[in-house]
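Its first residue numbered 331, the sequence shown is counted upward by one per residue in the working numbering.
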Amino acid sequence: MRKRTAVITGVLAALLATTAFAQQPKKGETGKDITYNRSKGNCLACHGFPNQPDAEQTGNSGPPLIAMQARFPDKAVLRAKIWDATASNPASFMPPFGKHQALSEEEINKVVDFIHSL
Numbered sequence: 331m332r333k334r335t336a337v338i339t340g341v342l343a344a345l346l347a348t349t350a351f352a353q354q355p356k357k358g359e360t361g362k363d364i365t366y367n368r369s370k371g372n373c374l375a376c377h378g379f380p381n382q383p384d385a386e387q388t389g390n391s392g393p394p395l396i397a398m399q400a401r402f403p404d405k406a407v408l409r410a411k412i413w414d415a416t417a418s419n420p421a422s423f424m425p426p427f428g429k430h431q432a433l434s435e436e437e438i439n440k441v442v443d444f445i446h447s448l
């Protein structure tokens, strides 16, 4: 039993260390970098990026990220959606990037700036 507990503790410690490391924004990392990064935002997994020719293998389970300023005239509403989409739609399958600390405040701000520019 002690060995099992030690293994579980070790795995949890490794996961926490990886999460803490992943949240350190890289110097010069842009919102686009974070959005496209499969280990960070990974917005490409669910959303299409029709006006971004370098966005490869995009998903179609989320709405396409186009005309974002028209759809979200108030950038704070977009930020709230990225922070925790389940707050406005409990059935949303979009990950709550801020609420679950998948992205730091700085990373979320960069992603919001990039997405809002589309």
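Every residue, glycine too, gets a C-beta built ideally from N, C-alpha and C. Given the structure is predicted, the values throughout are model-derived calculations rather than measurements.
Collapsed DSSP secondary structure at residue i in the structure displayed
i	result
F444	helix
E359	coil
M424	coil
T388	coil
L374	helix
N439	helix
Residue i classed as buried or exposed, judged by whether at least 16 other C-beta atoms fall within 10 angstroms
i	result
K440	buried
F423	exposed
K429	exposed
A415	buried
T360	exposed
V442	buried
Segment limits, alpha helix (DSSP H) that includes residue i
i	result
Q431	Here Q431 belongs to no alpha helix (DSSP H), and DSSP marks it neither H nor E.
K405	405–413
Q399	398–401
Selected residue, minimal CA-CA separation from residue i, among the options
i	options	result
G358	K405, E437, H446, A375	E437
A432	N372, I396, Q399, K362	N372
D384	A417, L374, A406	L374
A421	S434, F444, G392, V407	G392
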